[in-house]
Amino acid sequence: MEQPAVNAAPARLRKGETTRSLFQQGMRISGMNPHTRLLALTLLGHANFRSGVISPQFQPSDEELVAETGLTLAQVNVQLSVLRSRGWLVQHVSRNDGATDENRWRLAVPEHVLARLRTTRR
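First residue of the sequence shown: 408, per this note's numbering; consecutive thereafter.
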C-alpha cells in the first residue's frame, strides 16, 4: 500500500538504474488508484528514460493529458496533485530570461518505494 506523503522524498538512483524502469515497477506496487497510475504512466511516455525529466517542449498541456488519458480536466488536476504530494512528480519553476516562468517536471520514485524495489530484486 502507498505510504503517506510524509515519506515522499524522491530517491537518488544508483549507476545503471533508470527512472523509466523503476518508475513503472514502483507504480505497480504503489497501491495508488487507477486514475493516478494512468496519469503517471502517461507522463512517463513524455519523460527522459534515464532522468525522468519532462523537457518543456515535451511537457503535455492539461488538455493533452485529458485527451491521452480519457480523464476529465478536474481528474487530471487532482491526480497531478496526488503525484506531487506523494513524491512521484517534482515540479520546478524557473525564470526564463527574467520575463516568463518555465515549469519543469521530473518524474521520481519516492525513497520508500525504491527501497522496497531494491529489496525485492535481490
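Positions of the beta carbon are idealized from the N, C-alpha and C atoms, including for glycine.
Report yes or no: do the stretch 509 to 528 and the stretch 471 to 480 share at least 3 C-beta pairs separated by less than 8 Å?
-> no
Element boundaries [alpha helix (DSSP H), containing F430] = Counted from its first residue, the sequence shown places residue 430 at position 23. F430 -> alpha helix (DSSP H) spans T426 to I436.
Over the uninterrupted alpha helix (DSSP H) stretch that includes V489, give me the two end residues.
-> Numbered from 1 along the sequence shown, position 82 holds the residue referred to as residue 489. It spans L480 to S492 - the alpha helix (DSSP H) in which V489 sits, taken as one unbroken run.
Would you list the residues sitting across from V460 in a DSSP beta bridge?
-> On the sequence shown, position 53 is the one that residue 460 refers to. DSSP output for V460 lists R513 as bridge partner(s).
For G423, does the count of other Cβ atoms within 10 angstroms reach 16, so buried, or fall short, so exposed?
-> As a first step, residue 423 must be located in the sequence shown, where it is residue number 16. Counting Cβ neighbours within 10 Å, G423 comes out exposed, since fewer than 16 surround it.
Please look up how many angstroms separate the CB atoms of W495 and A454, rounded, as I've assumed it's under 8 Å.
-> Taking the first residue of the sequence shown as position 1, residue 495 is located at position 88. Taking the first residue of the sequence shown as position 1, residue 454 is located at position 47. Their Cβ separation, rounded to whole angstroms, is 11 Å, which puts W495 and A454 out of contact at 8 Å.
Residue interval of the alpha helix (DSSP H) (run including A447) | Locating residue 447 in the sequence shown gives position 40, counting from the first residue. Start and end: P441 to L451.
Are F456 and L514 close, meaning C-beta to C-beta below 8 Å?
-> Numbered from its first residue, the sequence shown carries residue 456 at position 49. Numbered from its first residue, the sequence shown carries residue 514 at position 107. Against a cut-off of 8 Å, the Cβ pair of L514 and F456 comes out as no contact.
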